[in-house]
Amino acid sequence: MKLTRKWQLLPVMMDFCLRRKFNINMKIKKAIVFLILLSVSLISYRAFCEELPEVGKVVWVDDGDTFVLEDGEKVRLLGINCPEKPHKDKPGECFGYEATRFAIKLLKRKKVRLEYDRIKRDRYHRLLAYVFLPSGEMANAIIVRKGFGYVLTVPPNKKYRARLLRAQRLALDENLGMWKHCKPEKEEYYYIGNLRSYIFHRPSCKFGKMTSSKNVITFSTRKQAFYQGFAPCRRCKP
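Under the numbering used here, residue 251 is the last one in the sequence shown; the count climbs by one each step, no gaps.
Structure below.
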């Protein structure tokens, strides 16, 4: 009789243990979620409350789209990208030196005004800014207009996309700078563009193939892709 009662109690005991373990696991999960949300909130609060410089003097120019202010802040020109100059073991890109020299002439020792978009810093903690010269002209647009860089849109930072694209189209039409001197190793019959990321790829690129059908746009030439404000994929280098 006693043995029978023990067997009858076994499911109840197992259920109690499982429920207790489940409750412990749920408490742990809730604690983890709470800590994650707290961390995100603190980071967001810090980013929101951070006082970013509105003006500064350029003391150093790293390359065509990056420079350093007098207070030590590193600034990345927003909405554009310039060819890379050789660095350590990396060979650099076509027109990288020319873009750097132009940026030095344009920015060094100048007092500039910085304007921000929705995301203020990148993963390297650099300030992301539209930079205005003492004349009131936007340095980002001048660099693109002269053919020393191209439009690179990274959503949600799109405040001056239309303005930068107008400058790029003029440079393309006039065949200035990199558009005259830098040609791809191989031309494709068409290119795949991603309407969400504003990046275009070679047809064989795995990242291009992964693009959702609702976000796909095709271009017959590289120039057409650039004319619409799409930037080349860093992997397949179209």
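No residue lacks a Cβ here, since even glycine has one placed at the ideal position from N, Cα and C.
task: Output the boundary residues of the alpha helix (DSSP H) element that contains H138.
output: Here H138 belongs to no alpha helix (DSSP H), and DSSP marks it neither H nor E.
Query raised in the report: Mind checking E97: buried by the 16 CB within 10 Å criterion, or exposed?
Result: buried
### Task
With a threshold of 16 other CB atoms inside 10 Å of the CB of I41, please say whether the residue is buried or exposed.
exposed
(request) Assign F243 to one of two classes, buried (16 or more other C-beta atoms within 10 Å of its C-beta) or exposed (fewer than that). (result) buried
For L119 and R215, what's the separation of their Cα atoms in angstroms? 34 Å
Euclidean distance between Cα positions of L55 and L189: Below a pLDDT of 50, predicted positions are generally treated as unreliable, and L55, at 49, falls in that range; the measurement from the model is reported next regardless. If you take the alpha carbons of L55 and L189, they lie about 46 Å apart.
Practice problem: Give the DSSP-derived three-state secondary structure of K236 in the structure shown. | Solution: helix
- Chain-order list of residues whose beta-carbon lies under 8 Å from that of L16 (same chain, five-residue window excluded): With a pLDDT of 47 at L16, under the threshold of 50, the modelled position of that residue is not reliable, and the figure given next carries that caveat. Taken in chain order, the list of residues that qualify is empty.
Separation of I132 from A60, as counted between CA atoms: Unreliable placement is indicated for A60, whose pLDDT of 49 sits below 50; the coordinate value is still reported in the next sentence. If I take the Cα positions, the gap works out to 9 Å.
Helix, strand or coil: how does DSSP classify N207 here? strand
Query raised in the report: Can you give the Cα-Cα distance for F239 and V164, rounded to whole angstroms?
Result: 8 Å
| query | Do the CB positions of F115 and C195 come within less than 8 Å of each other? | reply | no
Quiz item: Between which two residues does the alpha helix (DSSP H) carrying V157 extend?
Solution: A152 to R158
Could you round the C-beta distance between V88 and A142 to whole angstroms and report it? I think they count as a contact, below 8 Å. 5 Å
Determine the direct distance from the alpha carbon of L140 to that of R122, and round the result to whole angstroms.
18 Å
>> With distance defined between alpha-carbon atoms, name the residue in K227, T113 and G206 nearest to N94.
In response: T113
For this session: Spatial neighbours of V229 within its chain, please: CB distance less than 8 Å, with the 5 preceding and 5 following residues excluded, ordered by chain position.
Result: I205, G206, N207 and L208
**Request:** Classify N94 as helix, strand or coil using the three-state DSSP reduction.
**Result:** strand
**Message:** Within 10 Å of its beta-carbon, does D78 have 16 or more other beta-carbons around it, so buried, or fewer, so exposed?
**Reply:** buried
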